[in-house]
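Let me begin by presenting the structure, written as structure tokens, before commenting on it.
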Amino acid sequence: MQAVTPLVFALALLAAPAAAETVYVSNEQDNTISAIDGETLSVTATIPVGRRPRGIALSPDKRRLFVAVGDDNRIDVVDLASRKVVDALPSGEDPELFVVHPDGKRLFVANENDSLVSVLEIESKKVIGEIQVGVEPEGMAVSPDGQLVVCTSETTSMAHFVDASTYEVVDNVLVDTRPRAAAFTPDGKQVWVSSELRGTVSVIGVQSRAIDAIVEFAIPGVPRELVQAVGIAHGHDGRAYVALGPANRVAEVDNKSLKILRYYLVGQRVWHIALSADEKRLYAANGGSGDVTVIDLERREPVKSIAVGRSPWGVVTAP
Amino acid sequence: MRQARSRSTHEAVFRRRLASLLGSALLIATVPLGMAEAAAPDTIRIGYLHQERAPASPASPLDELATEEGLAGARLGIADNAATGRFIGQSFVVIERRMRRGDDPVAAVAELAAEGVRFVITDLDAEPLRLAAGAAPRLLFLNARAPDDALRAQCRNNLLHTVPSRAMLADGLAQYLVWKRWRRWFLVVGQGAGDVLYAEAVRRAAKRFGAEIVIEKAWSFQYGPARADTGHVTLQTEIPAFTNVADHDVLVVADEANAFGDYLDGRTARPRPVAGTHHLVATGWSAVNEQWGATQLASRFAKLAGRRMTAVDYAAWAAVRSVGEAATRSRSADPDKIAAYLRGPAFLMSGFKGRGQSFREWDGQMRQPILIAGPRLLVSASPQPGFLHRVSELDTLGVDREESPCKP
């Protein structure tokens, strides 16, 4: 699979230049964030952060990057102009994934060891709410209108729907085994939840709180057990992307028919994925091979892999 | 045995820990421990049957005494089940029975059945388990202790195994050694009945994966000199003499009772690694595992039990979790439905080893990765890359469908 690299490097030269954007990747075992220039597709900075960085997200003004550093039980705040950690937020124990609420004032953080979601007020740096959920909360998503937060719990195998103003769990939906990521569709009508061990995505209706459909992935030549769905990214053009972990593939899914359109070969053990702002590219963080695969979605092929730190995990794009 | 604490104190401590861990809503799940109480319709009662064991002398001063080994794992499984159960109206209780030496397993099982138990997790040796399962065909037994392949070959419909068989352990080790190209093995076999069976599994694995046992020796020394003053002097003389044999790539030791295996590494005549039951250990679980979310399982266990999780704790946890998972997925507290789901094709359990775990329909063995654990860190996990299988790579470990005398 690594043989792909030299071939795609040549293709990279042909790819259309992308908008001036920067891609940020958390390196779980290096305690750093890699910054990749979207134009040159090369690493332009490596930013030291706390220990075991995984979940990352931009502030609403896109000038800061929040980084969950699980082993330090906090969320580091990176100033993207100076590329330095300028602040830290108390997150509760072992934060892994979190979402920034659209109001720009709160983070909802999954505390994996405590079966809790913590609500963190950014300005006061205070935890202003705690929500008891299932065992090992992991994936976090917020609805586009900001009313609902969804948290998945890995051992309980549920998607918990939380009212974002009262902090009450309003519903629990049993999903496939070991759910990892959750993502609302852009219209806010569905939540997609990936199951790592069943290798599926459960599509949950937000109104009905019932599973509308289950997306299955079968890749010729890849054992079923290695197809492990993790990161999810929704485009606005009716397509969605699902990272398939040790299957070393990203699936492109038609968001309405739920048909698999194609599989992209990426690096080893892909965790999370992110679309470019123009949605012409997809960036995949490959934990096993220590690189980021750049997929050109117009040409429908991977065009480059970029070496970053050890165990890249989370990825976001910023202007 | 360190059983100084009275049981009621112990249970109170356990409840406090659990409550702080998961919230007071779960208290109801722990109250009926060891006492009969009218069960709510959606309460699933799981028996835990164990036998008294002679206290093991630790080989190393660093060894932790595994108080309530197995039972602690079952309790964590109950807490994990309850966390899902409370969202869908199911609760789980564990009812413990300890057999003293000479107690009749059939009678103990009858007592559990009288308390409404249909699922029994066993921490029993193979023979008492055979007797118990044979006498209670309507109960489903989940074996968390006995690694005997012969027990699996009895093809019992009412017996599942969450603890790996010796064949699985040996195959997991063999795949790693062959992947390393350490193909010439020096097999050292202890005096226990289990050691002889472990050696048999190692010989089978060597044949399956293309390794060669170049020399085999039985360990015949009296053990226990290490702790004495100058104990190391004796060992420093004896072990080089014992291991001064034809050249080999790796010494594979079969010492299930932990009688001498720890003495080998660093003392062998040739500078060769030690693997098997010691040093590079093939096991269903080890506290060194921190991948695949294992850190979270380990930390929940440590909060509950105040020590590290052993392979027997893990197998008991996996057994309770399996019943819970089947109850949740089948949305039922009906033991027949749960049992059918457990053995069915849809069953899948998350066991913190990177791949979904399920039961083989032919002999009821849980398919699962085998960890290759070093003394301080995880070294690898089998199946190794390249050992292919047309159904599940996990079925390259242990007795496969065609090799088993059991026909589903």
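Protein chains in written order, with this note's numbering: chain A, 1 to 319; chain G, 1001 to 1408. The C-beta atom is built at its ideal place from N, Cα and C for all residues, glycine as well. These figures come from a predicted structure and were not determined experimentally.
(request) Taking L97(A) as part of the beta strand (DSSP E), name the residues at either end of that continuous run. (result) 95-100
(request) Check the C-beta distance from A1254(G) over to Y1198(G) and give it rounded, since I have them as a contact under 8 Å. (result) 4 Å
(message) Counting C-beta neighbours from all protein chains within 10 Å, is the total for N255(A) 16 or more, i.e. buried, or is it exposed?
(response) buried
(request) Say whether the region 1394-1401 of chain G touches the region 1349-1366 of chain G, bearing in mind that this needs 3 or more beta-carbon pairs closer than 8 Å, one atom from each stretch. (result) yes
(request) Along the alpha helix (DSSP H) that carries A1282(G), what are the first and last residues, could you check? (result) Unbroken run through A1282(G) is the beta strand (DSSP E), 1280-1283; no alpha helix (DSSP H).
(request) Indicate whether at least one CB of chain G lies closer than 9 Å to the CB of E301(A). (result) no
(request) May I ask you to list, following chain order, the residues of the region 1317-1339 of chain G that have a beta carbon less than 9 Å from some beta carbon of chain A? (result) R1321, E1325, T1328, R1329, R1331
(message) Just verifying my parser: in three-state terms, what is the DSSP assignment at R281(A)?
(response) strand
(request) Please classify L261(A): is it buried, with 16 or more other beta-carbons within 10 angstroms of its beta-carbon, or exposed? (result) exposed
(request) Kindly list, in the order they appear in chain G, the residues whose Cβ is closer than 7 Å to that of N172(A). (result) F1087
(request) Kindly provide the ranges of any beta strand (DSSP E) runs that are 3 or more residues long and lie completely inside the region 1043-1104 of chain G, ordered along the chain. (result) 1043-1051, 1091-1099
(request) Kindly provide the ranges of any alpha helix (DSSP H) runs that are 4 or more residues long and lie completely inside the region 1174-1249 of chain G, ordered along the chain. (result) 1193-1209, 1231-1242
(message) If you reduce the DSSP assignment to three classes, tell me which class G1116(G) lands in.
(response) coil
(message) Spatial neighbours of Y264(A) within its chain, please: C-beta separation below 6 Å, excluding the five flanking residues on both sides.
(response) V250, I295, P302
(message) Mapping the DSSP letters down to three states, classify I219(A) as helix, strand or coil.
(response) coil
(request) Consult DSSP for A1004(G) and reduce its assignment to one of helix, strand or coil. (result) At A1004(G), the pLDDT of 34 sits below 50, so the modelled position is not reliable and the matter cannot be decided from this model.
(request) Pull up the distance between the alpha-carbon of A973(G) and that of R224(A), whole angstroms please. (result) Nothing about residue 973(G) can be read from this structure; chain G reaches only from 1001 to 1408.
(request) Give the DSSP-derived three-state secondary structure of W271(A) in the structure shown. (result) strand
(message) Just verifying my parser: in three-state terms, what is the DSSP assignment at A1029(G)?
(response) Its pLDDT being 35, under 50, A1029(G) is placed unreliably by the model, and nothing is read from it.
(request) Step through the CB atoms of chain A and report whether any lies within less than 9 Å of the CB of Q1384(G). (result) no
(request) Determine the extent of the alpha helix (DSSP H) in which Y1314(G) is found, giving its start and end residues. (result) 1311-1329
(message) Can you check whether the C-beta of V308(A) is within less than 9 Å of a C-beta belonging to chain G?
(response) no
(message) Is the separation between the beta-carbon of I211(A) and that of V173(A) shorter than 9 Å?
(response) yes
(request) With DSSP as the reference, label F1352(G) as helix, strand or coil. (result) coil
(request) Could you name the residues of chain G that M158(A) contacts, counting a contact when the two beta carbons are closer than 8 Å? (result) T1084, F1087
(request) Please list the residues of the region 129-151 of chain A that have a C-beta atom closer than 7 Å to any C-beta atom in chain G, keeping them in chain order. (result) Q132, G134, V135, E136
(message) Going by beta-carbon coordinates alone, are D71(A) and G55(A) separated by less than 9 Å?
(response) no
(request) Can you say whether N1157(G) is buried or exposed, counting buried as having 16 or more other CB atoms within 10 angstroms of its CB? (result) exposed
(request) Examine the ligand COA and report whether any of its heavy atoms sits within less than 8 Å of the Cβ of A88(A). (result) You won't find the ligand COA in this model; it holds no ligand whatsoever.
(request) Note down, in chain order, all residues in the region 193-223 of chain A with a beta-carbon under 7 Å from any beta-carbon belonging to chain G. (result) L197, R198, P223
(message) Pairs of beta-carbons, one from the region 1122-1129 of chain G and one from the region 1165-1176 of chain G, closer than 8 Å: are there three or more?
(response) no
(request) Verify whether the separation of the beta carbon atoms of G1047(G) and V1106(G) is less than 9 Å. (result) no
(message) Judging by CA-CA distance, which residue of K304(A), I122(A), E96(A) is the nearest neighbour of A110(A)?
(response) E96(A)
(message) Would you call the region 1181-1201 of chain G in contact with the region 1241-1252 of chain G, where contact means no fewer than 3 C-beta pairs closer than 8 Å?
(response) yes
(request) Could you tell me how far apart the beta carbons of P102(A) and V149(A) are, in whole angstroms, since I believe they sit closer than 8 Å? (result) Not really, about 11 Å apart at Cβ, beyond 8 Å.
(message) Quick check: the Cα distance between P186(A) and A1298(G), rounded to an integer number of angstroms?
(response) 38 Å
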